[in-house]
Amino acid sequence: RRLAQARERMQEAREERAARAAGPISRAALRAEPASGGCAYSPPGERRAAGSGKWVAPVKGYTLSAGFASSGKRWSNSHTGQDFAVEVGTPVRAVGAGTVVKTNCGGPFGNHLVIRHPNGYYTQYAHLSRIQVKPGDHVRAGEQIGLSGNTGNSTGPHLHFEVRVTPEIGSGIDPVPWLRSRGVDV
Numbered sequence: 002r003r004l005a006q007a008r009e010r011m012q013e014a015r016e017e018r019a020a021r022a023a024g025p026i027s028r029a030a031l032r033a034e035p036a037s038g039g040c041a042y043s044p045p046g047e048r049r050a051a052g053s054g055k056w057v058a059p060v061k062g063y064t065l066s067a068g069f070a071s072s073g074k075r076w077s078n079s080h081t082g083q084d085f086a087v088e089v090g091t092p093v094r095a096v097g098a099g100t101v102v103k104t105n106c107g108g109p110f111g112n113h114l115v116i117r118h119p120n121g122y123y124t125q126y127a128h129l130s131r132i133q134v135k136p137g138d139h140v141r142a143g144e145q146i147g148l149s150g151n152t153g154n155s156t157g158p159h160l161h162f163e164v165r166v167t168p169e170i171g172s173g174i175d176p177v178p179w180l181r182s183r184g185v186d187v
């Protein structure tokens with residue numbers, strides 16, 4: 002029990018440091034962010050051009066915070082993805098080419114989307130302030146798909162990123178080694 006409490010305190014301290022590292026958030030950005038529910042969508046014309054066609058990190062200028070399978074009072078079991086602490090409004094990119102299979106607003110993930118990749122994996126991007134794609138859209142590696150946020154069950158601005166073997170929660174694998182095995186430096 003003491004060990005579990007110590008781990009929880011250490012995790013909370015890591016999350017606090019990551020939130021501070023994410024930098025100040027403008028009041029305007031916080032006001033623009035839906036507290037829960039309410040989807041902020043931008044038409045495809047507002048997306049930025051795609052990258053090189055290889056695998057990329059989902060955001061730039063991040064600090065890794067809560068990791069895959071970490072425990073904490075914010076999750077019913079263990080953490081299902083990797084958190085990238087960034088300011089609200091940071092461009093979020095597709096890590097690889099694929100097809101958007103799901104966008105959703107509200108719930109614990111807030112504004113989020115799922116992309117199916119040709120290799121059979123799915124990636125999820127959660128707590129977004131803005132979604133810039135819709136189901137059926139084809140995206141390339143590095144293409145901007147949304148903006149990071151603080152929607153849903155979130156204690157600070159970040160991107161919650163998951164890799165799954167199905168489009169549904171519960172089939173996740175650790176995103177950091179998965180990205181590294183594809184040449185992404187995280």
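Start counting the sequence shown at 2; every next residue gets the next number (my numbering).
Even for Gly, the Cβ is constructed at its ideal location relative to N, Cα and C.
**Item:** Rounded Cβ spacing between T104 and R117 (contact assumed at less than 8 Å)
**Value:** Mapped onto the sequence shown, residue 104 falls at position 103. Mapped onto the sequence shown, residue 117 falls at position 116. Contact doesn't hold; Cβ gap of about 13 Å is too wide.
**Prompt:** What's the gap between the Cα of T81 and the Cα of I174?
**Reply:** As a first step, residue 81 must be located in the sequence shown, where it is residue number 80. As a first step, residue 174 must be located in the sequence shown, where it is residue number 173. Taking the straight line joining both Cα atoms gives about 8 Å.
**Message:** Here's the rule: buried if 16 or more other CB atoms are within 10 angstroms of the residue's CB, otherwise exposed. What is P178?
**Reply:** For the purposes of this step, residue 178 is identified with residue 177 of the sequence shown, where counting begins at 1. The residue in question, P178, is exposed, as its Cβ has fewer than 16 Cβ neighbours within 10 Å.
**Asked** By DSSP, does R94 sit in helix, in strand, or in coil?
**Response** Within the sequence shown, residue 94 is the residue found at index 93, counting from 1. Residue state, collapsed to three classes: strand.
**Message:** I need the straight-line Cα distance from P168 to C106, nearest angstrom please.
**Reply:** The count along the sequence shown starts at 1 and reaches residue 168 at position 167. The count along the sequence shown starts at 1 and reaches residue 106 at position 105. Those two C-alpha atoms are separated by around 16 Å.
**Asked** Anyone know if the C-beta pair for A142 and W56 falls short of 9 Å?
**Response** Counting from 1 along the sequence shown, the entry for residue 142 is found at position 141. Counting from 1 along the sequence shown, the entry for residue 56 is found at position 55. Going by C-beta atoms, A142 is nearer than 9 Å to W56.
**Request:** Taking all protein chains shown into account, decide if V87 is buried (16 or more other Cβ within 10 angstroms of its Cβ) or exposed.
**Result:** Indexing the sequence shown from 1 puts residue 87 at position 86. Per the 10 Å Cβ criterion, buried.
**Asked** In three-state DSSP terms, what is V117?
**Response** As a position in the sequence shown, residue 117 is number 116, starting the count at 1. In the sequence on display, residue 117 carries Arg and not Val. In this structure, R117 counts as strand in the three-state DSSP scheme.
**Prompt:** Which ranges does the alpha helix (DSSP H) cover as unbroken runs of at least 4 residues, wholly within the stretch 130-176, from first to last along the chain?
**Reply:** none
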